[in-house]
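Trainee: The sequence shown begins at 6 in the numbering used here and counts up by one.
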Amino acid sequence: MAKPAKKLVIVTEKILLKKIATIIDESGATGFTVVETGGKGSRNVRSSGQPNVSDTTANIKFEILTENRDMAEDIADKVAINFFNDYAGIAYICDAEVLYAHTFCGPDGC
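(1) Quick one: grab the DSSP three-state call for residue 100.
(2) Taking the C-alpha atoms as reference points, what is the distance between residue 92 and residue 105?
(3) So, at 7 Å on beta carbons, what are the nonlocal neighbours of residue 79 in its own chain, with the 5 sequence-adjacent residues on each side left out?
(4) To the nearest angstrom, report how far apart residue 16 and residue 111 are at their CA atoms.
(5) Bridge partners for residue 27 per DSSP, in chain order?
(6) Between residue 22 and the rest of its own chain, which residues show a CB-CB distance below 8 Å, the 5 nearest in sequence each way excluded?
(7) Around the C-beta of residue 18, are 16 or more other C-beta atoms found within 10 angstroms, so that it is buried, or is it exposed?
(8) In three-state DSSP terms, what is residue 87?
(9) Please identify the residue among 67, 7, 47 whose C-alpha is closest to the C-alpha of residue 30.
(10) With DSSP as the reference, please indicate the residues paired to residue 5 in a beta bridge.
(11) So the candidates are 24, 47, 103; which of them puts its Cα closest to the Cα of residue 87?
This is the structure in structure tokens:
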């Protein structure tokens with residue numbers, strides 16, 4: 006049986022990776038996934054991870070599974086308040102179902 010969860014997705018500038026990772030860790034989330042990404046938005050086209058002189062112009066995407074919406078919103082609020090006025094970024098929440106994750110679901114599984 007699957008365990009209901011919320012998936013928080015944060016897309017922002019790579020230069021913020023360590024700062025956002027700290028916020029996620031301090032929130033009590035069990036972990037996160039980060040991938041380099043690119044795309045187009047209100048701040049124009051961003052790198053898609055192709056080699057360039059400065060790695061700070063790349064974008065990253067965090068995916069964080071949380072047990073409830075409150076935790077996801079708390080993380081998103083802290084990230085937005087601290088960074089989104091000065092850096093490109095977007096955050097959104099999706100419904101998710103965790104299938105096989107011992108650390109997320111507990112010793113009895115999902």
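Positions of the beta carbon are idealized from the N, C-alpha and C atoms, including for glycine.
Mentor: Reading it off the structure:
(1) strand
(2) 35 Å
(3) 32
(4) 29 Å
(5) BP columns for residue 27 are empty, so no partner.
(6) 39, 65
(7) buried
(8) helix
(9) 67
(10) Residue 5 falls outside the range modelled here, since the chain spans only 6 to 115, and no answer is possible.
(11) 24
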